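In order, the protein sequences belong to chains A and B.
When we follow the UniProt record's numbering, the leftmost residue of the first sequence carries the number 1, and every step to the right adds one.
When we follow the UniProt record's numbering, the leftmost residue of the second sequence carries the number 1, and every step to the right adds one.
The beta-carbon is built from N, C-alpha and C at its ideal position, and this holds for glycine as well.
These figures come from a predicted structure and were not determined experimentally.
Here is the structure we will look at.
Number of protein chains: 2
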Amino acid sequence: MNELRTIRAKSGTNQEGTSAHNRRVIIEAIRLNGPLSRADLARATRLTKQTVSNLIENLEADGLVASEDVVRRGRGQPSTPYRLVAEGAFALGVQIDRELTRVVAVDFLGREAARAVANLPPGDPVEGSRVILRLVEKVRADLVARIPVSAHRLTGLGIAMPGPFGLEPAGDDPWMMGKWQAFPLLETLAAGTGLDVSLQNDATACATAERMNGAADGLDHVVCLYLGYGIGAGLILGGELYTGSNRNAGEIGMVLFSRGGAVLPLEHRASLASLFQRLGLDTATTDAYETVERLTREGDPRILDWLEGAATDLRQAVHMVETIFDPQTVLLTGSAPQPLAERLFAAVFPLLPSNAERPGRTIARFQLGTMDPWAVALGAAADPIRRAFDPVFSAILKEAT
Amino acid sequence: MNELRTIRAKSGTNQEGTSAHNRRVIIEAIRLNGPLSRADLARATRLTKQTVSNLIENLEADGLVASEDVVRRGRGQPSTPYRLVAEGAFALGVQIDRELTRVVAVDFLGREAARAVANLPPGDPVEGSRVILRLVEKVRADLVARIPVSAHRLTGLGIAMPGPFGLEPAGDDPWMMGKWQAFPLLETLAAGTGLDVSLQNDATACATAERMNGAADGLDHVVCLYLGYGIGAGLILGGELYTGSNRNAGEIGMVLFSRGGAVLPLEHRASLASLFQRLGLDTATTDAYETVERLTREGDPRILDWLEGAATDLRQAVHMVETIFDPQTVLLTGSAPQPLAERLFAAVFPLLPSNAERPGRTIARFQLGTMDPWAVALGAAADPIRRAFDPVFSAILKEAT
DNA sequence: CTTATTAAGTCAAATGTCTTGACTTAACTG
DNA sequence: CAGTTAAGTCAAGACATTTGACTTAATAAG
């Protein structure tokens with residue numbers, strides 16, 4: 001008779017949530033600090049020795065941790081450190097870009113275990129998703145061939161592609177991603193692989209990669225600028241990845257910057273697309289990446305000119321994210337050729353004065369992260385791992401029915 | 001012999017953490033939905049009926065919830081809704097501004113229970129903190145006189161003042177807040193009141209106020225622009241207040257905007273300070289607030305001119321925070337006279353196209369929040385309440401030794 | 001009017017996880 | 001070689017949630 005009311009609240013938790021969290025905390029502690037003994041873990045997590053012992057036993061049985069050689073450290077019984085077992089879990093990651101797709105498998109430590117790359121038919125997600133599925137199966141077969149135990153240890157499939165997500169297709173869609181946005185990608189890949197599928201934008205995936213093995217590891221507040229065809233920011237806020245209410249947080253490429261009287265999106269000058277355009281490169285027909293690398297080494301004046309404009313905007317972007325997020329550090333990542341990235345990074349200095357310039361700073365305000373073109377795929381693959389094993393709030397809550 | 005190593009990890013949890021979280025979840029569910037029966041609560045929190053019964057009994061004994069009249073809703077045993085008891089908890093809040101301080105007491109629901117205001121000697125935190133302490137004692141006495149039970153139910157004292165915090169004192173310090181920043185304020189007020197003291201900037205406090213009773217209630221992703229002497233943003237991200245690594249997140253007044261060739265901080269045009277300057281008002285000697293209100297009603301051309309500039313910048317600021325945070329909504333709050341605020345709010349429209357313009361939106365992109373000058377003090381006071389009773393991640397973890 | 005159905009809420013035993021304190025083991029120190 | 005320190009285990013206990021049967025109290029249907 002009464003209409004069913006929607007009741008809003010976070011969900012509660014129970015003993016299961018408690019122990020799940022504690023398992024995750026132990027894994028995190030070992031990941032951050034390297035091998036730790038049970039006593040070390042008890043101190044790090046504030047759990048009792050006994051609880052840690054139980055959990056370690058549990059994790060060892062699951063093949064996620066293993067003991068190392070006994071260590072003597074002065075008086076008292078020697079300790080037995082435990083390390084994470086790389087083969088304890090795996091995940092797959094897919095990067096979808098305009099013209100190509102990269103698929104990787106990573107292990108529990110986020111290290112690459114297999115990879116494959118293929119071209120994508122631009123603007124054709126139907127055929128494109130078939131290509132991806134074939135590639136995923138190839139990588140999966142590769143992985144299983146190499147490490148036989150892995151089959152049931154696959155925690156999921158992470159996808160990374162340029163955002164923003166969920167918008168009305170725009171009239172101008174220079175990157176042909178509009179059709180991909182409209183395509184039921186997650187459903188298709190979930191059905192085709194039988195895996196749990198997650199989606200994030202490329203900047204967020206790159207931040208995940210930096211968090212897994214890079215400069216962001218162990219930090220709780222990091223803004224990771226991602227310079228690709230466009231420019232975006234992957235956000236680690238309060239120790240967790242932040243993606244906003246619709247997975248579109250950090251799309252700073254669309255923030256408006258004024259230059260010489262005109263108001264333009266940041267990515268108009270600070271993006272590889274703007275560089276390719278300046279150079280008259282068609283990414284579909286030329287190997288733009290190598291061309292840019294060569295021209296950079298040659299000191300091409302168009303590159304220098306672009307660098308100046310991009311660095312100016314980037315300097316302001318760093319100031320903006322420092323001011324807005326109050327992060328511990330800002331990273332420059334992306335898929336630019338290494339020489340270009342290094343020049344750009346250097347050209348951003350000196351940084352603008354900002355709130356980040358505080359007495360007693362120990363971490364650099366602005367650092368150069370990875371420019372590995374595979375970082376996005378690796379980050380995409382690391383996402384299911386982190387979902388399954390990181391101590392996050394949502395892992396404690398009871399699941400939806 | 002070995003140096004004590006610092007081991008990094010989140011801390012673990014135990015049954016205590018579990019039940020503490022569940023208590024908080026129940027409180028949140030009632031706060032968001034209004035009175036709920038035990039069965040409703042079980043559905044909302046995914047806890048079992050029995051668990052909810054235990055917790056409700058517990059909360060009732062603590063005087064935090066109380067039963068209402070039995071409700072018949074069709075077949076089955078009638079249900080007994082529980083509501084939050086306003087007198088169940090109290091907290092004090094202090095707003096410190098350049099020339100004055102406001103102190104309020106709020107109840108469990110965030111409603112004002114007592115208030116007081118006094119002038120502050122500009123740039124003199126030693127004498128100023130004495131003024132504050134006297135005012136706090138006055139409000140506390142007021143509160144206790146009105147509601148005798150309250151003494152031990154005081155959860156803490158929240159302070160709000162303009163940021164940024166922890167920086168080297170700048171050469172130009174037009175607002176005389178530099179000396180306050182250097183002063184050991186938390187320690188002084190903690191010692192003087194015997195209460196737990198917390199600190200946030202004024203924009204964050206205003207966001208807390210909006211979250212407690214205003215437009216942000218029940219939303220998980222909100223950016224709350226605060227237009228005061230300067231301009232800042234209070235951030236609610238992922239259901240929790242976000243303050244960055246050094247409590248300086250959201251200080252968007254310092255973000256650089258280009259206008260007519262010059263690069264200037266946002267607050268150069270979009271702040272009350274800029275308006276006062278334009279009008280030649282000295283806030284120390286005149287009642288700037290009333291003057292502005294009168295001039296606004298009169299349609300003073302200087303006001304109109306300022307409005308145009310401020311609205312232009314604000315429009316861009318809204319676009320910026322929408323793009324960067326992907327929030328559910330953006331609120332305009334502050335301490336401007338209501339007529340001015342309404343005009344400014346209206347002048348921001350039409351909003352710039354952004355990622356927030358998605359199909360199927362139900363919440364307005366940009367809303368006018370409170371301009372109550374007491375909102376900051378109320379938010380400061382609500383902070384200890386929310387710390388003590390909101391279901392946040394940190395509440396589950398074991399405490400530091 | 002009587003019976004069936006539905007839903008709220010309680011009871012008591014069971015389960016799962018962490019905690020406690022005593023104990024064992026194994027090293028270094030003097 | 002005895003004393004001290006620290007890692008790690010053992011077993012009983014404490015605590016919070018879960019389970020399933022049961023009670024209570026209303027409406028709906030015949």
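8 Å Cβ cutoff met for residue i and residue j
{"i": "L352(A)", "j": "R315(A)", "result": "yes"}
{"i": "R23(B)", "j": "L59(B)", "result": "yes"}
{"i": "T45(A)", "j": "V25(A)", "result": "yes"}
{"i": "A114(B)", "j": "V104(B)", "result": "yes"}
{"i": "V139(B)", "j": "L186(B)", "result": "no"}
{"i": "L157(A)", "j": "L109(A)", "result": "no"}
{"i": "P350(A)", "j": "V222(A)", "result": "no"}
{"i": "L321(A)", "j": "F366(A)", "result": "First, the amino acid is wrong: residue 321(A) is Val here, not Leu. Cβ atoms of V321(A) and F366(A): not closer than 8 Å."}
{"i": "P35(A)", "j": "R111(A)", "result": "no"}
{"i": "S271(A)", "j": "G253(A)", "result": "yes"}
{"i": "A311(A)", "j": "A347(A)", "result": "yes"}
{"i": "V255(A)", "j": "T323(B)", "result": "yes"}
{"i": "D383(A)", "j": "S198(A)", "result": "yes"}
{"i": "L340(B)", "j": "E298(B)", "result": "no"}
{"i": "G261(B)", "j": "G230(A)", "result": "no"}
DSSP state of residue i mapped onto helix, strand, coil
{"i": "G12(A)", "result": "coil"}
{"i": "residue 402(A)", "result": "Residue 402(A) is absent from the structure shown; chain A starts at 1 and stops at 401."}
{"i": "E290(A)", "result": "helix"}
{"i": "V131(A)", "result": "helix"}
{"i": "V70(B)", "result": "coil"}
{"i": "A29(B)", "result": "helix"}
{"i": "A284(A)", "result": "coil"}
{"i": "G163(A)", "result": "coil"}
{"i": "I7(A)", "result": "coil"}
{"i": "G17(A)", "result": "helix"}
{"i": "L120(A)", "result": "coil"}
{"i": "M1(A)", "result": "Residue confidence for M1(A) is low, a pLDDT of 31 falling below 50, so the modelled location carries little weight and cannot support an answer."}
Nonlocal neighbours in the same chain, by C-beta distance under 6 Å from residue i, ignoring five residues either side
{"i": "S53(A)", "result": "R38"}
{"i": "L227(A)", "result": "G334, A336"}
{"i": "V376(A)", "result": "Q95, A160, D202, A205, C206"}
{"i": "A233(B)", "result": "A203, V223, L225, G250, I252"}
{"i": "S354(A)", "result": "H319, E322, T323"}
{"i": "R269(B)", "result": "G309, A310, D313"}
Closer than 7 Å: residue i CB and nearest the ligand PLP heavy atom
{"i": "P353(A)", "result": "With respect to the ligand PLP, the structure shown offers nothing to examine, as it has no ligands at all."}
Nearest candidate by alpha-carbon position, reference residue i, set the options
{"i": "V117(A)", "options": "V131(A), R102(A), G110(A)", "result": "R102(A)"}
{"i": "H152(A)", "options": "F165(A), R134(A), G194(A)", "result": "G194(A)"}
{"i": "R259(A)", "options": "E293(A), L241(A), G309(A)", "result": "G309(A)"}
{"i": "D372(B)", "options": "R387(B), A356(B), F366(B), L332(B)", "result": "L332(B)"}
{"i": "P162(B)", "options": "R146(B), T155(B), P148(B), K179(B)", "result": "K179(B)"}
{"i": "I236(A)", "options": "S354(A), I56(A), A209(A)", "result": "A209(A)"}
{"i": "L279(A)", "options": "Y82(A), L307(A), G261(A)", "result": "L307(A)"}
{"i": "A284(B)", "options": "A273(B), E168(B), E293(B)", "result": "A273(B)"}
{"i": "F325(B)", "options": "G299(A), G244(A), P125(A), F393(A)", "result": "G244(A)"}
{"i": "residue 411(B)", "options": "R294(B), D124(B), G218(B)", "result": "The structure shown does not extend to residue 411(B), since chain B is modelled only from 1 through 401, so no value can be given for it."}
Same chain, Cβ closer than 7 Å to residue i, five either side skipped, listed in chain order
{"i": "G239(B)", "result": "D220"}
{"i": "A281(B)", "result": "The question names Ala, yet the displayed sequence has Leu at residue 281(B). A288, T291."}
{"i": "P391(A)", "result": "H21, R24, V25, E28"}
{"i": "residue 427(A)", "result": "This structure leaves residue 427(A) out entirely; chain A is present only between 1 and 401."}
{"i": "N119(A)", "result": "E99, L100"}
Same chain, Cβ closer than 8 Å to residue i, neighbours up to 5 away in sequence not counted
{"i": "T362(B)", "result": "none"}
{"i": "P121(B)", "result": "E127, G128, V131"}
{"i": "E87(A)", "result": "G63, D107, F108, I147, V149, S150, R153"}
{"i": "K398(A)", "result": "S11, G12, T13, N14, G17"}
{"i": "S79(B)", "result": "S37, R38, A39, D40, V70, V71, R73"}
(request) Mind listing, in chain order, the continuous beta strand (DSSP E) runs of no fewer than 3 residues lying wholly within the segment 238–273 of chain B? (result) Annotation note: the segment 238–273 of chain B contains the following uninterrupted beta strand (DSSP E) runs of length 3 or greater, listed N- to C-terminal: 240–242, 256–259, 262–265.
(request) Starting from the N-terminal side, write out each stretch of the beta strand (DSSP E) that is 3 residues or longer and does not extend beyond the segment 357–400 of chain A. (result) Within the segment 357–400 of chain A, the complete beta strand (DSSP E) runs of at least 3 residues are 366–368.
(message) For a minimum of 3 consecutive residues, which ranges assigned as the beta strand (DSSP E) are wholly contained in the segment 291–355 of chain B?
(response) Whole beta strand (DSSP E) segments, 3+ residues: 329–334.
(message) List, from N- to C-terminal side, the alpha helix (DSSP H) runs of 4 residues or more that fit wholly inside the segment 40–112 of chain B.
(response) Listed in chain order, the complete alpha helix (DSSP H) runs (minimum 4 residues) inside the segment 40–112 of chain B are 49–61.
(request) Could you tell me which uninterrupted alpha helix (DSSP H) segments, each at least 4 residues in length, are contained entirely in the segment 179–232 of chain B, listed from first to last along the chain? (result) Runs found: 185–193, 202–213.
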